[in-house]
């Protein structure tokens, strides 16, 4: 009796072990790549961010928090943080509002809805580098489409990419045009989950479209709004491709964003320590954005 | 009254949609129009293939096309395998350390690869993979998004199916390839479209990694051309180049727009 029990236990244990082994063998390939190119680089940035490691140095030298202290004292760093924040401010809410508007249009029974949806969405699948090349010509001084239009109606050419005051708004306008269609599809799937009966009942009660929007649509889209805002924020903070084409951060760093600055530090000025410290700053921002999602756990996984 | 409102809404929608199309229409129109110094929305010369021909010969776009296709196909092929294996483990098996794996996956979901360009480039240097196509692809071989998407799909497949297969003598590999993979076509298509679009359009990482014509992708080639001296004020040529690199996806999208849109909805996983 006793032996059978022991034997049964041993068999069970080994079966559990076998499953464990099988699971980790199946996970191993993904794990190796995720550890090497996501977890390890995070740790490496934290470590290198605490060192001095300029071009030509043989190995990094530990200097504590000096990189961060220097950032805090650097006007350029704050200017870049300001630019990044300004770009997000000009793009996140507008692209969400327009995305929601487009979703509401596409969600009605109008003629040619397929064509309309396609027009709003196609900028999403075009490379940012191609879009920047096209908009470069729209924004180009005097001979560009925008300036031609302004001069045609008797206004002065603006040359928007060459002035500190207009460069970020001009880029934001382009980006809202690209991003709104992407955010639209999440709102659309959110809207389609709202029961039509609610609107019918409200119509019978004599509610105006605006009231229905405020009392039915917005509250029921709550989780979608939260979720879309984290996507929009992440995307706007990590967007740099267009800067390479349009301005290279100019005029006078007027359009340099944080990730573009990481690129400059690491790959134009070959200062890996500063680039790492900036990466840490970026990681903290990404973490902060992710925290928004924890406010509402339901929205962490979202698809139809 | 109601129909009036409806017609107005429809009109607004169509006008907006047309406004959204302006950059695309202008780009295509200009790509096929003789070069000029002023921009106009409506082409004013006879259509010509001269710009396309010029750009195709001036820039090694054939090579870049090849490279992009190798990178896109290579990345997705490896992802297909790694993601399927991991998704099966996480969806079907109960094992120790599941939480740890989810934490690692979650980290990649919230930290986009572009943020880690600087440390990842150093790792690439350590591995001797700078200026290689493998170097462009390798950081993406593990895909948290793909694992998550496939895991959700695998979870909907009844365990009875695979139990029956095991009784029939199938091993784990056969269970995955005969039951889980074929039943999850929709999820693979979603993952595939998102992965392909992402890597076709990706720019910053390939720009950093590559240093030679042999390995440059289309986006990097376009950026180099658009910034070169030959391209200044030559909208016709730049538009032709833009046309060359973005058309395959745009055309595919116009044909399969429903599939694309549904796939991109799943790309929001966080």
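Protein chains in written order, with the numbering used here: chain A, 1 to 304; chain B, 1001 to 1270.
Each residue gets a CB set at the ideal place from its N, CA and C atoms; glycine is no exception.
Status (buried if at least 16 other CB within 10 Å, exposed otherwise) for residue 190/A: buried
CB-CB length for residue 125/A against residue 1197/B, believed under 8 Å: 5 Å
C-alpha gap between residue 1131/B and residue 1212/B, whole angstroms: 7 Å
Below-8 Å beta-carbon distance, residue 1115/B vs any chain A residue: yes
Given 8 Å, three or more beta-carbon pairs between the region 235 to 245 of chain A and the region 255 to 264 of chain A: yes
Alpha helix (DSSP H) segment containing residue 1234/B, residue limits: Run containing residue 1234/B: none; DSSP gives neither H nor E here.
Those residues which DSSP pairs with residue 61/A across a bridge: 52/A
Heavy atom of the ligand ADP within 7 Å of residue 184/A beta-carbon: The model on display carries no ligand, and the ligand ADP is accordingly not part of it.
Contact between the region 1094 to 1113 of chain B and the region 11 to 25 of chain A (3+ Cβ pairs under 8 Å): yes
Beta-carbon proximity of residue 230/A to residue 292/A, cut-off 8 Å: yes
Assigned secondary structure, residue 1169/B (DSSP; H/G/I helix, E/B strand, else coil): coil
Where residue 118/A falls: helix, strand or coil (DSSP): helix
Interface flag, residue 284/A vs chain B, CB-CB below 8 Å: no
Within chain A, the residues that residue 1181/B reaches when beta carbons sit closer than 8 Å: Within chain A, no residue comes near residue 1181/B; the closest Cβ sits about 14 Å away, beyond 8 Å.
Residue 261/A: contacting residues in chain B (beta-carbon distance under 8 Å): The contacting residues do not exist; residue 261/A stays about 11 Å from chain B at best.
Three-state secondary structure (DSSP) of residue 1022/B: helix
Members of the region 24 to 49 of chain A that neighbour chain B once the beta carbon cut-off is set at 9 Å: 24, 25, 26, 27, 28, 29, 30, 31, 32, 33, 34, 35, 36, 37, 38, 39, 40, 41, 42, 43, 44, 45 and 48
Beta-carbon gap between residue 265/A and residue 278/A smaller than 8 Å: yes
Contacts around residue 1070/B, its chain only, beta-carbon distance under 8 Å, and the 5 residues preceding and following it disregarded: 1133
CB contact check: residue 1162/B to chain A, cutoff 8 Å: no
DSSP state of residue 1211/B mapped onto helix, strand, coil: coil
Under the three-state DSSP convention, the category residue 304/A falls into: The pLDDT assigned to residue 304/A is 34, lower than 50, so where the model puts this residue is not dependable, and the model offers no usable value.
Exposure of residue 138/A, with buried meaning 16 or more beta-carbon neighbours within 10 Å: buried
Residue-level contact to chain B via CB, residue 269/A, 8 Å cutoff: no
Neighbour list for residue 158/A in chain B, Cβ cutoff strictly below 8 Å: Going along chain B, no residue has its Cβ under 8 Å from residue 158/A, so there is no contact; the nearest lies around 15 Å.
Option nearest residue 193/A by Cα separation, candidates 33/A, 218/A, 209/A and 245/A: 218/A
Chain-ordered chain A contacts of residue 1197/B [CB-CB under 7 Å]: 125
Chain-ordered residues of the region 230 to 253 of chain A with a beta carbon less than 7 Å from chain B: 230, 231, 234, 238, 240, 241, 244 and 245
Residues of the region 117 to 141 of chain A whose Cβ lies closer than 9 Å to any Cβ of chain B, in chain order: 117, 118, 119, 120, 121, 122, 123, 124, 125, 126, 127, 128, 129, 130, 131, 132, 133, 134, 135, 136, 137, 138 and 140
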